[in-house]
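Asks:
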Amino acid sequence: MVTFIPFGEKPNREGVMYVLNFLQKNKLIEDYMVVESNTIELLSERLPVDEAYIIGDHLATYGILQKLKPKAVISIDAHTDLMHDYLDHGSWLAYALSERIIEKASIIGPVLMIPTTEGTELWTRRVKIFPALPRSRKTRGKWKAYKSLKNHPIDEIIKDTKKYLGEKIYLTIDLDVLLPEYKIARFQHGELTLEELLNILEEIKRNFNIVAFDIAEISDKIKRSRLGKKALADVFQLLSGE
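The opening position of the sequence shown corresponds to residue 1 in the working numbering, with each subsequent residue numbered one higher.
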């Protein structure tokens, strides 16, 4: 079964329901359920234990994690979602870690590595980051480079991720990780092509036991994006297939 979660603002809700009809029309789903809620607290109570979720606002992943309680998460996202000032779509992963809903996480593909507002705390504990482009961080007074998708082969990054997280993971994919030409995200887009994203997902599927996955930040922009619809269909088919 696939659970559709039209959570968030109107563009997110409309986008999720459009994707439901799109997947039905293309005979990519049979059994499904729609779960609605105005608050993240009620959402986790209403959710079924499922293997696939299509969601609007990425904050819904926090509710799914509360329900499933996996130990480790891989997030494919243009953003780290590690801001730690208040709970929303830009901080859900920080709060899932700080509240011990999950033990560890790995983020693959972000381009924005730092908080965008003064005074915002960035959560850094029990998480490893593999950015899309070369980035560096200050450690013990020295600058150290992250392993990036630009400078390191994906199999090396997946090997490091598996060593850190273990074999059993929950997987969340924010489609804003794709380039602007895909016209999916409401906010900043990432740096990956669809081919690059699919290669990453194939390696994850080959190396991990994925207990469940979600495809996140669906908005009504996908209605007008041919490339966006293809990306959604290809990602869903890859993850839901045997």
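The beta-carbon is built from N, C-alpha and C at its ideal position, and this holds for glycine as well.
With distances taken from CA atoms, which of E41, G15, F4 is nearest D31?
Replies: Comparing Cα-Cα distances from D31 to each of E41, G15, F4, the minimum goes to F4.
Asks: Just reading off the alpha helix (DSSP H) that V16 is part of, what are its end residues?
Replies: 10-25 is the span of the alpha helix (DSSP H), which, as asked, contains V16.
Asks: Quick one: is A145 buried, meaning 16 or more other Cβ sit within 10 Å of its Cβ, or exposed?
Replies: When all chains shown are included, A145 counts as exposed.
Asks: Using alpha carbons as the reference points, say which of A216, H79, R137 lies closest to A52.
Replies: Comparing Cα positions, the closest option is A216.
Asks: Would you mind stating whether V235 and I173 have Cβ atoms separated by less than 8 Å?
Replies: Cβ atoms of V235 and I173: closer than 8 Å.
Asks: Taking only three categories from DSSP, how would you classify I129?
Replies: I129: strand per DSSP, three-state reduction.
Asks: Taking three-plus beta-carbon pairs below 8 Å as touching, is the region 172-186 in contact with the region 208-227?
Replies: Because the criterion of three Cβ pairs below 8 Å is met, the region 172-186 and the region 208-227 touch.
Asks: When DSSP labels each residue in this structure, what does F187 get in the three-state scheme?
Replies: F187: coil per DSSP, three-state reduction.
Asks: Less than 8 Å between the beta carbons of L179 and G190, yes or no?
Replies: Going by C-beta atoms, L179 is nearer than 8 Å to G190.
Asks: Among all the DSSP beta bridges, which residues are the ones paired with D214?
Replies: In the DSSP output, where bridge partners are listed per residue, D214 has Y53, T172.
Asks: Using a Cβ-Cβ cut-off of 8 Å (strictly less than) and excluding sequence neighbours within five positions of A132, which residues of its own chain qualify?
Replies: Excluding positions up to five away in sequence, the list reads A78, G109, P110, V111, S148, L149, K150, V177, G190, E191, L192.
Asks: Determine the burial state of D155: buried for a count of at least 16 other Cβ atoms within 10 Å of its Cβ, exposed for fewer.
Replies: Under this definition D155 is an exposed residue.
Asks: What first and last residue would you give for the beta strand (DSSP E) that runs through T3?
Replies: Here the beta strand (DSSP E) through T3 covers 2-5.
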